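Visitor: In my numbering, the protein residues as written are 596 to 1007. Ideal placement from N, C-alpha and C gives every residue a C-beta, glycine not left out. Predicted model only: the values in this text are computed from it and were never measured.
(1) Just the C-alpha distance for residue 597 and residue 757, rounded to the nearest angstrom, thanks.
(2) Just verifying my parser: in three-state terms, what is the DSSP assignment at residue 596?
(3) Flag residue 998 as yes if its beta-carbon sits less than 9 Å from any beta-carbon of chain C, otherwise no.
(4) Give, in chain order, every unbroken run of the beta strand (DSSP E) that is at least 3 residues long and sits entirely within the segment 794 to 850.
(5) What distance in whole Å lies between the Cβ atoms of residue 771 and residue 748, which are believed to be in contact at a cut-off of 8 Å?
(6) In whole angstroms, what is the alpha-carbon distance linking residue 1000 and residue 779?
(7) Along the chain, where does the beta strand (DSSP E) that runs through residue 539 open and close?
(8) Once the 5 residues before and after residue 795 are set aside, which same chain residues still bring their CB inside 7 Å of it?
(9) Shortest alpha-carbon distance to residue 712 belongs to which of 944, 900, 738 and 720?
(10) Hey, would you say residue 914 sits closer than 9 Å to residue 859, going by beta carbons?
(11) Can you name, in chain order, every residue of its own chain whose Cβ lies under 6 Å from the Cβ of residue 818, other than the five neighbours on each side?
(12) Taking 9 Å as the cut-off, decide whether the C-beta atoms of residue 883 and residue 861 are in contact.
(13) Cβ of residue 947 within 9 Å of Cβ of residue 927?
(14) For a test of the three-state rule: what should DSSP assign to residue 789, helix, strand or coil?
(15) Quick one, are the C-beta atoms of residue 705 and residue 934 less than 9 Å apart?
(16) Along the chain, where does the beta strand (DSSP E) that runs through residue 978 open and close?
(17) Would you mind stating whether residue 686 and residue 635 have Cβ atoms separated by less than 9 Å?
(18) DSSP three-state label for residue 675, please.
(19) Is residue 908 closer than 9 Å to residue 624 when the C-beta atoms are compared?
(20) If you compare alpha carbons, which of 855, 736 and 633 is closest to residue 611?
(21) Expressed to the nearest angstrom, what Euclidean distance is found between the alpha-carbon atoms of residue 1006 and residue 866?
(22) So, at 6 Å on beta carbons, what are the nonlocal neighbours of residue 945 in its own chain, with the 5 sequence-adjacent residues on each side left out?
(23) Residues in its own chain within less than 6 Å of residue 869 by CB, not counting five upstream and five downstream?
(24) Tell me which same chain residues have a C-beta within less than 6 Å of the C-beta of residue 943, skipping the five on either side of it?
(25) Which residue marks the beginning of the beta strand (DSSP E) containing residue 743, and which one marks its end?
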C-alpha cells in the first residue's frame, strides 16, 4: 500500500527560532492589519463568522481540558475558508488599480459602474485543487470579472463542477500541483491574465501576502470568539500546511496577538507532500521542496513547494512538525461526523479533519506517546484546531464515513 496510506506519523521538534528570544513579528499580520481584513470582509453581503465549536465530550474522552474547532464548512455556503484569501487579495488588487485604500471602500463599492469603468476587464487565473479555485470563482463572479482555474491531475470532478457552476473555466491538467502552478503562470503571461496564487516566486510576492492576510481572518475570528467566551488562552494550536499560506497567516497573526504567551504550534502535512517537515529537518533556515506525485486524499494540502514568507513565519514560531498518512485525517473525519455525547456534529473534509485525527492518535495510541509527552499534552491542555473545509468531495466523504476507507493500520 502507498506510504501515504500506511506509514507511521513522523515528528520533528524544532523550537521556533523566535520563541523565547527577541521575536521578528510579521508586521503585515499585526492587529491593525487584522482589523482591516476583518472590516473589509464584513462589507461582503451575507458574510458570516463561522462557528467555534466546543467539543467538551471529545476533550474528556481524549484526556485534555478543552478542544475548540473552527468549522469552515459554514463559510458563505462555499464549504471552505478559501474565499477569505481570494476576496481580500482581489479587493487589494482592485484598490491598488483605483488608487485607494481598502479601508476606505467596501466589497459592494468595488462593484459600482464608476469603479468598473475605471478598472476595465480582467481575467483572474489560478491553480487550485478546488477550494481556492472555488473561492476565486465566487469572488470574480460577485465582482463581475472572469476567472480561469487550472487543477492538478486527479482532481475531484465534484470540485471541478463546483467551480464551473460559478461561471468560471475549470481545466484539469495532467500535471501535479506544483507543475500546474507553473503552467498557470505561463498561461497568464500568454493571455494577459492576472494570477491570484497563494504561493510566491521571484517578482510575485504582493498578492500572496494579501492572500495570507485574508486567510489570517479565520485565526483572528477564533481569537475573538475565545475572548467572547472568556476561555483561557489555548496551550496548543494545530495548523495544517500545504504551501504554508494559511498556516503562516494564522501563525503570524497569533505571534502578534499572543506575544510571549504563544501556544505550542504543531504543523501537519500529508506524508507525501511534507515540504515544511523537510525544511525543518534540513534546518538551514531555507524552505525546501519535495517532488513526485504528492499523492494524498488531503488534496488541499498536496503541495510540494513552500511559500517562502509562510515558511519564514512557521520556521520562527512553530514547535513541532508532523507528517500525516491518509488514515489520520480519515479517522478525524469519522470522529467529527460521529460525535460523542452532546458534542456538535461537524462535517469535515479530507484537508479539514487532519488535526482532530492527529490529536486523537497522539492521545490514544501507544506508538505516538513520545509525541504526546514532547508536546506536553495532558489534562490541562486547551487545544485549538481548524476544520478548513466541509465535504467538498461528497462521494469520497461518504466512502470514508460509510465504508471505513483508510482505516488505521494494525500498528496503532
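Guide: Answer, in terms of the structure:
(1) Because the pLDDT at residue 597 is just 45, under 50, the model does not fix this residue reliably, and the value given afterwards should be weighed accordingly. Distance between the alpha carbons of residue 597 and residue 757 is about 29 Å.
(2) For residue 596, the predicted structure reports a pLDDT of 34, less than 50, and the residue's modelled location is therefore unreliable. A value from the coordinates is still provided. In this structure, residue 596 counts as coil in the three-state DSSP scheme.
(3) Here chain C cannot be found, since the structure has a single protein chain.
(4) 831 to 835
(5) Right, their Cβ atoms sit about 6 Å apart.
(6) 33 Å
(7) Residue 539 is absent from the model: the chain starts at 596 and stops at 1007.
(8) Only residues of its own chain outside the window of five on either side were considered, and among them 803, 902, 903 and 904 have a CB closer than 7 Å to the CB of residue 795, listed in chain order.
(9) 738
(10) yes
(11) 852
(12) no
(13) yes
(14) Of the three classes helix, strand and coil, the one that applies to residue 789 here is strand, per DSSP.
(15) No.
(16) 977 to 982
(17) yes
(18) strand
(19) yes
(20) That would be 855, whose Cα lies nearest to the Cα of residue 611.
(21) 17 Å
(22) Excluding five sequence positions before and after residue 945, the CB atoms of its chain that fall closer than 6 Å to its own CB belong to 892, 893 and 924, given in chain order.
(23) Once the five neighbours on either side are set aside, the close Cβ partners of residue 869 are 918.
(24) 928, 931 and 982
(25) 741 to 746
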